[in-house]
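Visitor:
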Amino acid sequence: MTLASPSDFNPPAPPGLQPQGWLRYFSFSLDHKVIGLQYLVTGFIFYFIGGALAGVIRTELASPLSDFIPRQTYNEVLTLHGTVMIFLWIVPVVNGAFGNYLIPFYVGARDMAFPRLNAVAFWLIPPAGLLLISSYFLAGGAAQSGWTAYPPLSITTPALGQVIWILSVLLLGGSSIFGGINFIATILKLRRPGLKLMQLPMYCWAMLGTSILVVLSTPVLAGTLILLSFDILAHTGFFNPALGGNVVVYQHLFWFYSHPAVYIMVLPAFGLVSEILPVHARKPLFGYTTMVYSIMGIVVLGLVVWAHHMFTSGTPPWMRLFFTIATSFIAVPTGIKFFNWLATLWGGKLALNSAMLFSCAFIVNFVFGGITGVALAQVPFDIHVHDTYFVVGHFHYIVYGGTVFVIFASIYHWFPKFTGRMLNEHLGRLHFLLTFVGFNLCFAPQHWLGLNGMPRRVAEYDPSFTTLNQVSSVGALLMGISTLPFVINVIASALSGEPAGDNPWRALTPEWLTSSPPPVENWHGEAPLVQHPYGYGEAAGILDIRAASGQQIWTGDQ
Amino acid sequence: MAIPSSLVTLILGMALVLVGLWVGQNVNLLPVDASSNAPVYDDLFRVLFIIGTILFVGIVGLVIYSLVRFRRRTGDLRDGLAVEGNLPLEIVWTAIPAVVVLFVGIYSYDIYERMGGMAPLNDHSLHQAAALTPAAMVHSAAGHQHGGSSGAGMIQPGFSQADSSGSALALQQVSADPDPAEQPRVWAGIGPSRSDEQLFPVEVTAMQFAFLFHYPEANIISGELHIPADQPVELRMEAKDVIHAFWVPQFRLKQDVIPGQTTRVTFTATRPGSYPIVCAELCGPYHGGMRSTVVVHEPDEFEAWLARNRPAAPATVASSGQLPLA
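Listed in order, the protein sequences are those of chains C and G.
When you line the first sequence up against the numbering used here, it's residues 557 to 1114, in that order.
When you line the second sequence up against the numbering used here, it's residues 65 to 390, in that order.
1. Could you confirm whether any beta carbon from chain C is found closer than 9 Å to the beta carbon of G:Pro248?
2. With a cut-off of 9 Å, does the C-beta of C:Lys905 fall near any C-beta of chain G?
3. Please list the partners that C:Ser622 has in chain G, where partner means a Cβ-to-Cβ separation under 7 Å.
4. According to the Cβ coordinates, are G:Met301 and G:Phe315 closer than 9 Å?
5. For G:Glu345, return the contacting residues in chain C, with the cut-off set at a CB-CB distance below 7 Å.
6. Check whether the segment 715-729 of chain C and the segment 634-652 of chain C are in contact - that is, three or more C-beta pairs closer than 8 Å.
7. Using a Cβ cut-off of 9 Å (strictly closer), state whether C:Ala715 contacts chain G.
8. Going straight from the alpha carbon of C:Asn796 to that of C:Asn802, what length do you get?
9. My output table needs one value for C:Gln755: the three-state DSSP class, helix, strand or coil.
10. With DSSP collapsed to three states, give me the class of G:Met179.
11. Using a beta-carbon distance below 9 Å, is C:Pro757 in contact with chain G?
12. Contact criterion: CB-CB distance below 9 Å. Does C:His1017 meet it with respect to chain G?
13. According to a CB-to-CB cut-off of less than 7 Å, which residues of the segment 1049-1067 of chain C neighbour chain G?
14. C:Gly891 and C:Val947 look like a contact to me (Cβ under 8 Å); what is the Cβ gap, rounded to whole Å?
15. Can you find the residues in the same chain that come closer than 6 Å, C-beta to C-beta, to C:Ile832, ignoring five residues on each side of it along the sequence?
16. Using CA atoms only, rank isn't needed, just tell me which of G:Ala282, G:Asp320, G:Gln325, G:Lys304 is closest to G:Ala376.
17. Can you tell me whether G:Pro347 is helix, strand or coil according to DSSP?
18. So, for G:Val96: in the same chain, excluding its five sequence neighbours on each side, which residues have a beta-carbon less than 6 Å away from its beta-carbon?
19. Would you please verify whether the beta carbon of C:Arg1012 is less than 9 Å from any beta carbon of chain G?
20. Short of 8 Å in beta carbon distance, which residues of its chain neighbour G:Asp294, apart from the five on each side in sequence? Order them along the chain.
21. Note down the Cα distance separating C:Gly1031 from C:Asn996, rounded to an integer number of angstroms.
22. Could you tell me which chain G residues have their CB closer than 9 Å to the CB of C:Gln934, listed as they occur along the chain?
23. In this structure, does DSSP put C:Phe624 in helix, strand or coil?
24. Please confirm if the segment 926-945 of chain C is in contact with the segment 982-993 of chain C, defined as three or more CB-CB distances below 8 Å between the two stretches.
25. Output yes if chain C places a C-beta closer than 9 Å to the C-beta of G:Ile403; else output no.
26. Helix, strand or coil for G:Ala333? Go by DSSP, reduced to three states.
27. Does the Cβ-Cβ distance between C:Leu769 and C:Val663 come in under 9 Å?
28. Can you find the residues in the same chain that come closer than 7 Å, C-beta to C-beta, to C:Glu1016, ignoring five residues on each side of it along the sequence?
29. Please check if any C-beta of chain C sits within less than 9 Å of the C-beta of G:Asp140.
30. Can you tell me whether C:His1088 is buried or exposed? The criterion is at least 16 other CB atoms within 10 Å of its CB, across all chains shown.
31. How long is the line joining the alpha carbons of G:Pro280 and C:Tyr945, rounded to whole angstroms?
32. Drop a sphere of 10 angstroms on the beta-carbon of G:Pro292, count the other beta-carbons inside from all chains shown, and report buried for 16 or more, exposed for fewer.
33. Should G:Ile307 be flagged as near chain C, meaning a C-beta pair shorter than 9 Å?
34. With distances taken between CB atoms, is the gap from C:Tyr1092 to C:Ala837 smaller than 9 Å?
35. Quick check on this structure: which residue in G:Val156, G:Arg110, G:Val165, G:Val127 has the alpha carbon closest to the alpha carbon of C:Thr900?
36. Checking the sheet assignment: what are the DSSP bridge partners for G:Ile291?
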């Protein structure tokens, strides 16, 4: 490997075959910013599809009878909802979209390490998504065994839909692996000379940790799904008990990927929040070093907690004990991150804009989901609520209340960089309010439903649960409505929003130290060397506060 | 007059703990408890609820206070304080969650022990049984992992066999291996540990989309589970097609029913009444409709139910090939 200095990456003109203008967003572009936005917009399209599917689910559950769609269709819908939201919305957006857009800026590079691989990784997504959605319209319908696809159910349901589901997830997994390799190479090998690892913005660390998880665990899922497709198509017996297979082995292999997948979805969100909070609080990110170590702690622990999804599956007792303790301990590095964010807010100058509100709501929602998560890690607790609406509530607090809130915060934060225009703050706050209220209305009651006897993935339920299910459905409706001000805001602002200038937030991270939107290859001239990405804040003496020391400000004694 | 900040923090912390305790004691989120392990579970729930409330209220309070207290006034373009970290603070908020999590883990381990979940690791009875009987090998061939067929780890090693004539279920051979070194333990559901006590066996067959309950002693097949109160019951569960899960929310008990592996669950119902049995694992289109009822009877009432539903003459049953449905 040869070392290249930034000046080597400075061709006189952009590559001739790369289309310019709006057409580049529909092309096999090699520009990391174009690819990032391709990921983002594609992700949002699938978010609306997945959201519509969620709407179908909540409509069905507005009454205790299965009276809205056929039961089989309901199972197809819940399978598609889970698969679309995880593999086509959250993973591609927090990793692919923001990762591609931001990481080259943060390491001071002009593009990702492997631009062509990067474009391939993106262009795997639209066909995989179309394939998945189209399976609904084929004979036999889409997969209907849930996003977990547990055999023997996945072996006995209509084969075509299930095989297409497997193919689609394999493509998306491949895309994810390509992305992961690219991020690791970019962060470790493409840093601007003089930029040390411990000077990188936190999102780089989050993406490094996430990519390690992706590269280690996604191949396991791929192998598992290939074996499952053999069981379906070639009637092998890997997971088919009728042929001597073992269904629990599938669950182990599946969750070996799919629990780390949770961290693949939330670690980048942690990174994004770590970028947003210091800018809008005008304070350095608190405890940089411990934040880095806690990310790596989460990566290591995240790989050894998978069997907590299987406490009722007939796992041996020692395994339950081990996975309970390991899962509980993941709360420690996660807690460190949250306390550090709180400390970042403390004593700052908080701009109460949409980005900040969504970020703070993320903290609140995720803490709630984290608390129920630690409870769920306890075997006796889990034995009661496993596979119930309690779990549904819990993981939506993590992936929606956590990650999706951060995605919105990030849109409000980086939209000026993407487009050169500001988003409308009034619409933004309306969007926040509707989303926050709708989200909590939708998912908080589900915890009670689960504790009191409502299993997940059902089209019909005990009539005594009707009221809370209707509350939940109203919340879902609010969430649906909340996207309207957002979409209007994004479209209107992209066309005629207030010009943002290059750095409307007076931020210090490198992506703001170029024009908005940035030029191809990111900087005219050499990339800036940013050694203090969070160098906000004024010395105590300059501030007009009565506190004599930081300690006093810290404790709120002023 | 300025109140010292440490005092304010202390008072706020105490108030927070009191709020958590009050909420934990007074807000009931759980259904009625109807098995002997349900109160144990509820204790754990209460502890987690209290800790969770304290944490959640505390953190939300901090966020809201920060958003109000430190909000940027219009026109203020200055920065906050340049504080990049504080090592003692980091150590504190690493150590406190670690201690809390460790406490919760150990406590829930203890709860699980009391509920009987932690089967001993040297429980080889199943493998020995599997080696003895060809029929058992069929079961463990699919589930040939240690503990795999021990379900929730809720087998009592060497439980006294209540009835060996009723059924051909090979796993009844399990009782052949009482380990003298083992302490008498409480199992799965829980209830007081009396190893001399007889477990009332019921065979459960789960299929799309129903549970069937077979009483080997009385030779009754029922679509509802009828059990006596205050007697340990053991369910031996098999699935015919796909994975199902047996869940009785009022018993705080759930166990997957896995094709190819017999799983077991033991519990003692305490409160007579009818409770729902819910399938908790997605098993196909009618998963939501896969429900049944468990009826907990007073012991004498249960004997009457058994007598009422016992087939008149076993010979007739055998010849006609039909089993009476209760």
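Beta carbons: idealized from backbone N, C-alpha and C, even for Gly.
Guide: Checking against the coordinates, here is how it stands:
1. In this prediction, G:Pro248 has a pLDDT of 35, which is less than 50 and means its spatial position is unreliable; nothing more can be read from the coordinates.
2. yes
3. Near C:Ser622 (Cβ distances below 7 Å), the residues of chain G are Gly352.
4. no
5. Chain C residues near G:Glu345: Asp943.
6. yes
7. no
8. 6 Å
9. helix
10. helix
11. no
12. It is worth fixing the name first, because residue 1017 of chain C is Tyr in this sequence and not His. It does: the Cβ of C:Tyr1017 has a partner Cβ on chain G nearer than 9 Å.
13. none
14. That pair is no contact at about 21 Å.
15. Excluding sequence positions up to five before and after C:Ile832, its CB lies within less than 6 Å of the CB of Ala911, Ser915, Ala965, His969, all in the same chain and listed in chain order.
16. G:Ala282
17. Reading off the sequence, residue 347 of chain G comes out as Cys, not Pro. In the structure shown, G:Cys347 sits in coil (DSSP, three-state: anything other than H, G, I, E or B).
18. A distance below 6 Å between beta-carbons, with the five flanking residues on each side excluded, links G:Val96 to the following residues of its chain, in chain order: Gln314.
19. Yes, C:Arg1012 lies at the interface with chain G (some Cβ there is under 9 Å from its Cβ).
20. Thr332, Ala333, Thr334, Pro363
21. 7 Å
22. Leu108, Leu112, Val168, Gly169, Tyr171, Ser172, Tyr173, Ile175, Tyr176
23. coil
24. no
25. No answer is possible for residue 403 of chain G: the residues shown for chain G start at 65 and end at 390.
26. Looking at G:Ala333 - three-state DSSP - the assignment turns out to be strand.
27. no
28. Sequence-distant partners of C:Glu1016 (beyond 5 residues in either direction) whose C-beta falls short of 7 Å from its own C-beta, in its chain, are Pro620, Leu621, Ser622.
29. yes
30. Per the 10 Å Cβ criterion, exposed.
31. 35 Å
32. buried
33. yes
34. yes
35. C:Thr900 has its Cα closest to that of G:Val127, out of G:Val156, G:Arg110, G:Val165, G:Val127.
36. Note: G:Ile291 sits in a beta bridge opposite G:Val360.
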